[in-house]
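First the structure, in the form of structure tokens, and then the observations on it.
Encoded structure:
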């Protein structure tokens with residue numbers, strides 16, 4: 001696992017390439033047998049499980065599991081089907097079960113050992129998010145749905161343990177015990193506290209002006225959830241602390257996933273932030289966007305660490321593995337250009353769905369202080385990073 | 001916070017660090033959360049005069065720092081509060097560019113211009129009216145950016161705490177699911193029409209806000225001062241939205257998926273989006289009411305102008321939502337019946353559920369007749385006069401629903417139709 005060797009590979013790939021391969025410009029390892037349709041979510045196995053297993057849910061109604069070996073090679077392991085596109089996946093903390101949420105309004109629990117999946121949740125509308133909550137006195141699944149409810153399920157019972165009303169359709173959520181946060185349509189933002197039993201903790205006025213798209217909780221130095229990063233369709237991420245010493249100063253937003261970043265003369269292209277993921281060790285965050293790039297950021301130093309080359313398709317999902325050595329990102333169509341395709345061209349002549357879809361696993365150099373100190377050499381590559389034809 | 005006397009004399013040695021208030025101009029008047037404590041330590045108590053310049057604390061925005069402006073970003077201090085983030089470079093302006101690499105390497109760019117109109121800072125005690133003017137300008141600028149940037153169209157938008165009306169909020173996943181649901185029926189044109197329609201609505205709203213005509217200005221100012229409740233979609237006041245959003249999700253998945261196939265016109269296609277909530281629904285409704293398609297091709301039988309509303313009649317009759325959609329699901333052609341178009345509100349249930357149960361009887365009749373009643377009725381009339389109807393039949397027509405086994409074979413009298 002020559003991680004540092006990979007860093008020069010990164011630079012070289014950018015430098016020497018006369019024609020940029022936009023399918024896999026970062027020269028990362030491509031996952032074998034990707035799903036047949038866009039990938040909506042990725043999740044790596046938790047630390048309790050030896051080895052790295054990657055779960056990906058897709059719009060082809062399936063959930064696939066790959067084993068990711070240390071050299072980056074992937075081995076497809078198993079697959080389960082829903083009757084509708086899968087929108088979210090998550091692992092139980094012991095790594096034995098995978099929970100999948102789908103547009104068929106159900107969530108299923110997939111026991112990997114027996115390769116059986118049973119339904120554990122039901123909503124009135126597609127379920128957008130699913131998370132496993134492990135509390136000292138209870139375990140449950142939290143599902144957020146477009147029927148504007150947030151339900152908590154004990155996997156053994158067909159009725160929810162609890163059902164909370166949301167102001168609007170649930171668009172994204174994240175859980176790091178004892179905190180859960182849900183972002184809904186119409187810029188709704190609610191934080192829940194999960195001790196004893198889930199209850200609404202606070203409704204927050206959204207720091208963003210447009211539709212919420214993705215959210216991820218980050219932890220502080222004591223490994224306790226301290227706040228969250230919220231991404232919108234407008235190429236902007238807000239970092240919000242729950243109880244900061246100085247809210248005005250500590251909370252901030254930054255722009256990302258925009259074209260011609262420095263040039264303000266010509267109008268920018270603004271892309272949606274499709275997913276945000278925090279590095280489990282370093283606390284740096286990765287954002288992936290509709291522009292087909294992923295970026296790493298340090299929210300404490302408020303700097304951008306790296307942006308990838310541009311892929312030919314939007315990046316729809318991303319995930320770090322449990323120790324942060326592997327970063328997986330999926331490149332597939334995210335429907336962001338539907339207005340363009342349907343209004344600019346007659347039906348049938350433009351691809352209305354994805355063209356190619358694949359997930360790529362990359363062994364990335366760790367985002368660590370060592371990385372930052374070699375920024376001197378990185379700066380050389382910065383021009384290549386940003387300047388695409 | 002008490003006003004700092006030294007500041008008033010121009011000699012406060014704490015500068016921005018001072019715990020008392022340093023009013024901008026004329027003192028007081030502006031009661032917002034004025035955090036005199038400086039966001040950045042680098043302003044070494046430069047004295048009163050200097051303190052002004054780096055006043056970038058955004059907390060004063062009404063609403064208390066909703067739009068978090070990282071004050072330490074936009075000012076040009078030496079970046080010495082950045083800590084290790086700067087990396088190997090020196091702590092001078094060169095490092096600044098790397099520090100601000102969040103958005104760009106240009107140090108003086110105000111990254112948050114969309115969120116924070118810089119000029120709003122210096123408002124001090126000028127009061128709400130000025131704020132609103134700035135907000136209107138912000139709105140205009142944002143609209144311009146939105147139009148040219150190619151970002152997702154179906155998003156809400158807001159300047160203050162509440163969202164600005166007139167924007168439908170749909171996520172890409174919802175639209176995509178919609179596409180996948182309509183694909184089996186092959187009615188992609190309907191889907192495309194709906195998208196087009198939504199785009200047009202969006203575009204007109206954006207242009208309206210961008211132009212900021214007198215009317216729009218007044219409306220916007222009213223909104224900014226009194227945030228409207230989220231449920232109402234201001235842009236489409238002409239159509240009733242009640243009952244839509246609440247009942248939409250349940251009916252959507254099942255019932256709407258089916259009827260949507262048959263009608264080709266935008267409006268019923270738009271009925272698919274009623275699930276998206278009041279905003280979207282009213283948007284669809286609004287367009288339906290305003291732009292009634294003259295002769296929808298798919299149905300043929302819909303000669304009346306009401307059919308556009310037909311798509312929604314079964315939706316707006318929230319009480320019978322469940323039954324109506326279920327009823328529609330069974331007879332696939334039933335969605336085309338003009339009968340539903342002539343009723344609204346409670347009558348919708350009457351038409352809908354009745355056909356659900358009377359499918360074999362009614363559907364066949366409608367399949368043939370253009371007016372929908374031709375086969376059933378005596379050849380010379382569409383409606384049966386009261387006199388020709390028996391007691392039971394009158395009772396059936398008068399009731400909310402048909403009872404199975406007693407559905408009249410003759411069309412109802414015209415005055416019993418609730419339009």
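Protein chains in written order, with the UniProt record's numbering: chain A, 1 to 389; chain B, 1 to 419.
Just so it is clear, CB atoms sit at the ideal spot from N, CA and C, and this is done for glycine as well.
Return no unless some Cβ of chain A is closer than 8 Å to the Cβ of residue 9(B).
For residue 9(B), the answer is no, since every Cβ of chain A falls outside 8 Å of its Cβ.
To be precise: take each residue of the region 186-218 of chain A, compare its Cβ to all Cβ atoms of chain B, and keep it if any distance is under 7 Å. Which residues remain?
Result list: 186, 187, 205, 207, 209, 210 and 211.
Supposed contact pair residue 228(A) and residue 240(A) - C-beta distance, whole angstroms, cut 8 Å
The C-beta separation of residue 240(A) from residue 228(A) comes to about 6 Å, placing the pair in contact by the 8 Å criterion.
Nearest to residue 214(B) by alpha carbon, out of 389(B), 399(B), 15(B) and 136(B)?
Taking the Cα of residue 214(B) as reference, the smallest distance to any Cα among 389(B), 399(B), 15(B) and 136(B) is reached at 136(B).
Identify the continuous beta strand (DSSP E) that holds residue 142(A) and give its terminal residues.
Counting along the chain, the beta strand (DSSP E) containing residue 142(A) begins and ends at 139-145.
Give me the chain B residues within the contact set of residue 235(A), using Cβ-Cβ distance strictly less than 9 Å, ordered along the chain.
Among the residues of chain B, those whose CB is under 9 Å from the CB of residue 235(A) are 149 and 151, following chain order.
The beta strand (DSSP E) spanning residue 173(A) covers which residue range?
Boundaries of the beta strand (DSSP E) around residue 173(A): 170-176.
Cβ atoms of residue 179(A) and residue 204(A): under 8 Å apart, would you say?
Cβ distance not < 8 Å, so residue 204(A) and residue 179(A) don't count as in contact.
Kindly indicate which residue of 198(A), 285(A), 140(A) and 256(A) has the alpha-carbon position closest to the one of residue 324(A).
The shortest C-alpha to C-alpha distance from residue 324(A) to any of 198(A), 285(A), 140(A) and 256(A) is the one to 285(A).
Less than 8 Å between CB atoms is the rule here; does residue 195(B) satisfy it with respect to chain A?
Interface residue, yes.
Go ahead and label residue 35(A) buried or exposed: buried means 16 or more other beta carbons lie within 10 angstroms of its beta carbon, across all protein chains shown.
Looking at its Cβ environment, which holds 16 or more other Cβ atoms inside 10 Å, residue 35(A) is buried.
Near residue 398(B), what residues of its chain come up, given a Cβ to Cβ distance below 8 Å and the 5 sequence neighbours on each side ignored?
Result list for residue 398(B): 416, in chain order.
Can the beta-carbon of residue 116(A) be found less than 8 Å from the beta-carbon of residue 106(A)?
The answer is no: Cβ separation not under 8 Å.
Tell me where the beta strand (DSSP E) around residue 188(B) begins and ends.
Not the beta strand (DSSP E): residue 188(B) falls in the alpha helix (DSSP H), residues 188-211.
Run through DSSP, which three-state label would residue 391(A) get?
One cannot answer for residue 391(A) here, as it falls past the ends of chain A, which runs 1 to 389.
For chain B, find out if any of its Cβ atoms is closer than 8 Å to the Cβ of residue 267(A); answer yes or no.
True, the Cβ-Cβ gap to chain B drops below 8 Å.
Three or more beta-carbon pairs under 8 Å between the region 166-182 of chain B and the region 194-213 of chain B, yes or no?
Three or more Cβ pairs closer than 8 Å define a contact, and the region 166-182 of chain B meets that threshold against the region 194-213 of chain B.
On a Cα-Cα basis, can you pick out the residue from 339(A), 338(A), 337(A) and 332(A) that is closest to residue 41(A)?
Among 339(A), 338(A), 337(A) and 332(A), the Cα nearest to that of residue 41(A) belongs to 332(A).
Does the beta-carbon of residue 392(B) have 16 or more other beta-carbons within 10 angstroms, so that it is buried, or is it exposed?
With fewer than 16 other Cβ atoms within 10 Å, it is exposed.
May I ask you to report which of helix, strand or coil DSSP gives residue 49(A)?
Residue 49(A) falls in the coil class under three-state DSSP.
At a Cβ cut of 8 Å, what residues of the UniProt repeat "WD" (120-163) of chain A count as close to chain B, listed as they run along the chain?
Under the 8 Å Cβ criterion, the UniProt repeat "WD" (120-163) of chain A contributes 124, 125, 126, 128, 146, 147 and 148.
Under 8 Å Cβ to Cβ from residue 207(A), same chain only, skipping five residues before and after it: list those, please.
Within the same chain, and ignoring the five residues on either side of residue 207(A) in sequence, the residues whose Cβ sits closer than 8 Å to its Cβ are 230, 238, 240, 251 and 253.
Shorter than 8 Å from the beta carbon of residue 272(A) to some beta carbon of chain B?
Under the Cβ criterion of 8 Å, residue 272(A) is counted among the residues facing chain B.
Residue-level contact to chain A via CB, residue 177(B), 8 Å cutoff:
Answer yes: the Cβ-Cβ gap between residue 177(B) and chain A drops below 8 Å somewhere.
May I ask you to list the residues that DSSP assigns as paired with residue 306(A)?
Paired residue(s): 296(A).
Where the alpha helix (DSSP H) through residue 6(B) begins and ends
Judged by DSSP secondary structure, residue 6(B) falls within the alpha helix (DSSP H) whose first and last residues are 5-9.
Using a Cβ-Cβ cutoff of less than 6 Å, which residues in the same chain neighbour residue 79(A) once the five nearest sequence positions on both sides are dropped?
The residues are 62 and 64.
So who's on the other strand from residue 57(A), going by DSSP bridges?
Looking at the DSSP assignment, residue 57(A) forms a beta bridge with 41(A) and 63(A).
What are the start and end residues of each continuous beta strand (DSSP E) run of 3 or more residues lying completely inside the UniProt repeat "WD" (79-120) of chain A, in chain order?
Correct list: 86-91, 97-102 and 106-111.
From the beta carbon of residue 20(B), is the nearest beta carbon of chain A less than 8 Å away?
Cβ-Cβ to chain A under 8 Å: no for residue 20(B).
Test: residue 199(B) CB closer than 8 Å to a CB of chain A
Closer than 8 Å: yes.
Test: residue 336(A) CB closer than 8 Å to a CB of chain B:
Closer than 8 Å to some Cβ of chain B, the Cβ of residue 336(A) qualifies, so yes.
For residue 193(B), count neighbouring C-beta atoms within 10 Å of its own C-beta (all shown protein chains included) and say buried if the count is 16 or more, exposed if not.
Label assigned to residue 193(B): buried.
Under the rule that 16 or more other beta-carbon atoms within 10 Å means buried, what is residue 396(B), buried or exposed?
The residue in question, residue 396(B), is buried, as its Cβ has 16 or more Cβ neighbours within 10 Å.
Please confirm whether residue 87(A) has its beta-carbon closer than 8 Å to some beta-carbon of chain B.
Closer than 8 Å to the CB of residue 87(A) there is at least one CB belonging to chain B.
Is residue 304(A) near residue 290(A), with beta carbons less than 8 Å apart?
Not in contact: residue 304(A) and residue 290(A) (Cβ atoms no closer than 8 Å).
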